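Residue numbers (the working numbering): 33 to 139.
Where is the CB? At the ideal position from N, CA and C, for every residue including glycine.
Bear in mind the structure is a predicted one, so any value in this text is a computation, not a measurement.
For reference, the structure discussed in these notes is given below.
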Amino acid sequence: MFPARPAPETLLKPSEAARLLGVRPTTLASWARAGRLTAQATPGGHRRYRAADIYAIIEASGGTDADTWKDDAVRLYEQGWSIRQVAEKFDRDYGSIRRLLLRRKVV
33 MFPARPAPET
43 LLKPSEAARL
53 LGVRPTTLAS
63 WARAGRLTAQ
73 ATPGGHRRYR
83 AADIYAIIEA
93 SGGTDADTWK
103 DDAVRLYEQG
113 WSIRQVAEKF
123 DRDYGSIRRL
133 LLRRKVV
């Protein structure tokens, strides 16, 4: 991760952007295909995401920390929500929520 917030024009690799958002790089690609996020192509054809766009998503979701949603997801599951309901709430896939719950030793 970055020691400080990168400049808005900084281009992030998919793995860097995904880490900040708490999602997988494949989720970013899916969001880009759906028009939710703009990917820029390098001369070699690799995707990059503007730091400003990534932080706009973080701020729009009400969080400044990529782990905030994870804590909320675990809490909802512990309150009786199904994995599928939690996944839909946070716009994640079933597998990523299940892996999160397994890592947190909740499932």
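Residue i beta carbon near the ligand FAD (any heavy atom closer than 6 Å)
i: Ala105; result: The ligand FAD is not among the ligands present in this structure, which contains no ligands whatsoever.
Where residue i sits in the DSSP three-state scheme
i: Trp65; result: The question names Trp, yet the displayed sequence has Arg at residue 65. Note: Arg65 maps to helix in three-state DSSP.
i: Gln111; result: coil
i: Met33; result: Low per-residue confidence applies at Met33: pLDDT is 42, beneath 50, and the placement is therefore not dependable, though the value from the model is reported in the following sentence. In the structure shown, Met33 sits in coil (DSSP, three-state: anything other than H, G, I, E or B).
Contact set for residue i: own chain, Cβ-Cβ below 6 Å, skip 5 residues either direction
i: Ala64; result: Ala71
i: Pro46; result: Pro57, Leu60 and Arg79
Alpha carbon of residue i to alpha carbon of residue j, nearest angstrom
i: Val138; j: Ser128; result: 14 Å
i: Thr100; j: Leu43; result: 24 Å
i: Ser115; j: Asp103; result: In the sequence on display, residue 115 carries Ile and not Ser. Roughly 14 Å between the two C-alpha positions.
Inset, instruction - Starting from the N-terminal side, write out each stretch of the alpha helix (DSSP H) that is 4 residues or longer and does not extend beyond the region 67-94. - result: 83-92
Inset, instruction - Report yes or no: do three or more beta-carbon pairs, one from the region 73-92 and one from the region 117-137, lie closer than 8 Å? - result: no
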